[in-house]
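Residue numbers (the numbering used here): 311 to 492.
No residue lacks a Cβ here, since even glycine has one placed at the ideal position from N, Cα and C.
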């Protein structure tokens with residue numbers, strides 16, 4: 311039997327996410343934007359909840375195209391809030407729109423990749439934790455990312471969300487030592 315990180319359930323979607331995505335470096339601006347939004351949507355919930363809704367999120371949020379999302383009007387917001395296929399939290403839906411607007415401002419100056427990857431010096435941090443108990447919820451790097459994102463007007467970007475985002479996008483590799491990917 312393949313040994314995986316302890317947070318992975320036997321759900322095939324979770325297994326595929328762990329094996330093929332989590333902890334692998336992501337450099338595409340739009341995919342980084344998508345993951346930042348989804349990690350914010352996850353606040354207070356389990357990641358599997360968001361993961362199961364991710365394809366629907368992609369459909370209703372124009373495949374996370376920031377140009378389109380930044381232009382959503384009140385009618386579109388209400389449509390989204392009525393959609394049972396997403397997490398219908400007004401603050402989280404509004405955060406996607408605000409974050410798209412901030413993304414567009416940032417990317418006038420630099421790539422989103424450069425903006426985000428600066429917090430790990432542009433290279434993945436490969437942690438070699440012995441067990442899940444050692445994996446932190448935040449780090450000085452996630453604190454710095456959160457502080458900058460908030461300063462630049464992003465929403466749902468606390469340090470814990472930022473650290474989960476860094477793990478998900480491979481800025482940090484937190485596969486534990488006994489995981490087949492560790």
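Residue i versus the options, residue with shortest Cα-Cα distance
i	options	result
residue 408	314, 330, 485, 381	381
residue 447	460, 440, 468, 336	468
residue 387	370, 376, 375	370
residue 376	341, 357, 359, 354	341
residue 410	323, 345, 334, 316	345
residue 319	337, 356, 334	356
residue 434	311, 336, 315	336
residue 417	462, 470, 334	462
residue 431	452, 368, 331	452
residue 368	421, 419, 486, 396	396
residue 415	384, 459, 389, 393	459
residue 486	471, 439, 394, 419	439
Residue i and residue j closer than 8 Å at C-beta
i	j	result
residue 423	residue 488	no
residue 313	residue 490	yes
residue 343	residue 413	yes
residue 493	residue 473	No statement about residue 493 is possible, as the shown extent of the chain runs from 311 to 492 and does not include it.
Opening and closing residue of the alpha helix (DSSP H) in which residue i lies
i	result
residue 359	357 to 370
residue 328	322 to 330
residue 455	450 to 461
residue 391	384 to 391
residue 473	469 to 478
residue 412	400 to 416
residue 351	339 to 352
residue 426	422 to 427
Beta-carbon proximity list for residue i, same chain, < 7 Å, skipping 5 on both sides
i	result
residue 317	442
residue 398	391
residue 454	429
residue 372	378, 379
Cβ neighbours of residue i in the same chain (closer than 8 Å, five flanking residues each side left out)
i	result
residue 323	358, 361, 362
residue 437	445, 482, 483, 484
residue 572	Because the chain spans 311 through 492 in this model, residue 572 falls outside it and cannot be assessed.
Tell me whether the stretch 327 to 342 and the stretch 470 to 478 touch, counting them as touching only if at least three CB pairs, one residue from each stretch, are closer than 8 Å.
Between the stretch 327 to 342 and the stretch 470 to 478, the count of C-beta pairs closer than 8 Å reaches three or more; the two stretches touch.
Given 8 Å, three or more beta-carbon pairs between the stretch 401 to 418 and the stretch 335 to 354
The stretch 401 to 418 vs the stretch 335 to 354: in contact.
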